[in-house]
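**Student:** Once you've had a glance at the structure underneath, I'll fire off some questions.
Numbering (this note's numbering), first residue to last: 95 to 241.
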């Protein structure tokens, strides 16, 4: 299964998506940023990737709590196929409740990060996450990384 170098951001909030997309671009990596608005939209995004032969995401940034949806369904879809499961899934959420944390451990997420109320700090953290997973971790595991 081919793997493109795009980043999939699953977040219904336009501001949060734009922040993530802009931050990814500011890191200097040239990876395309795609969006699914919710866990229920995620299967369609994955189906489109496979039908268009653009490959699966190299990195998934997931907000578990979107406006009208609990995006645990996105995780279940992402992990339903072994090829999807290999992509790092990083949960970035404004609220890390005990329920969310337990779910994250059960699903063996790659990482979980709370959104800082300090916007500058949040941007620095997001940049670090993107750079780490798209440059260091993917290279160290032997996955292709072409820019």
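Backbone N, C-alpha and C define an ideal beta-carbon position, used for all residues, glycine too. Note that the structure is predicted; figures quoted are calculated from it, not measured.
So, at 8 Å on beta carbons, what are the nonlocal neighbours of residue 191 in its own chain, with the 5 sequence-adjacent residues on each side left out?
**Tutor:** Answer for residue 191: no residue qualifies.
**Student:** In whole angstroms, what separates the C-alpha of residue 228 from that of residue 153?
**Tutor:** C-alpha separation (whole angstroms): 7 Å.
**Student:** Are the stretch 99-119 and the stretch 197-205 touching, with three or more C-beta to C-beta distances below 8 Å?
**Tutor:** The answer is no - the stretch 197-205 does not touch the stretch 99-119, with fewer than three Cβ pairs under 8 Å.
**Student:** In its own chain, which residues sit with a C-beta less than 8 Å from the C-beta of residue 119, not counting the 5 before and 5 after it?
**Tutor:** Cβ within range, chain order: 127.
**Student:** My output table needs one value for residue 206: the three-state DSSP class, helix, strand or coil.
**Tutor:** Residue 206 falls in the strand class under three-state DSSP.
**Student:** Between residue 184 and the rest of its own chain, which residues show a CB-CB distance below 8 Å, the 5 nearest in sequence each way excluded?
**Tutor:** The answer, listed in chain order, is 153, 154, 155, 156, 203, 204, 205, 206, 207, 223, 227.
**Student:** Kindly indicate which residue of 124, 122, 121, 130 has the alpha-carbon position closest to the one of residue 243.
**Tutor:** Given a span of 95 to 241 for the chain in the structure shown, any question on residue 243 remains unanswerable.
**Student:** Determine the closest residue to residue 221 out of 189, 115, 200, 195, with distance taken between C-alpha atoms.
**Tutor:** For residue 221, the nearest C-alpha among the options comes from 115.
**Student:** Does the Cβ-Cβ distance between residue 209 and residue 216 come in under 8 Å?
**Tutor:** Yes, the Cβ-Cβ distance between residue 209 and residue 216 is below 8 Å.
**Student:** Taking the alpha helix (DSSP H) that residue 115 belongs to, which residues open and close that run?
**Tutor:** Its alpha helix (DSSP H) spans residues 108-120.
**Student:** Give me the residue from 109, 158, 195, 125 with the minimum Cα distance to residue 101.
**Tutor:** Nearest of 109, 158, 195, 125 to residue 101, Cα basis: 125.
**Student:** Report the three-state DSSP secondary structure of residue 101 (helix, strand or coil).
**Tutor:** DSSP places residue 101 in strand when its eight states are reduced to three.
**Student:** Near residue 187, what residues of its chain come up, given a Cβ to Cβ distance below 7 Å and the 5 sequence neighbours on each side ignored?
**Tutor:** Around residue 187: 157, 158, 159, 194, 208, 209.
**Student:** Only counting the same chain, and skipping five residues up and downstream in sequence, which positions put a Cβ closer than 7 Å to that of residue 181?
**Tutor:** Result list for residue 181: 150, 151, 152, 153, 154, in chain order.
**Student:** Hey, could you find the ends of the alpha helix (DSSP H) residue 194 is sitting in?
**Tutor:** First-last of the alpha helix (DSSP H) with residue 194: 192-201.
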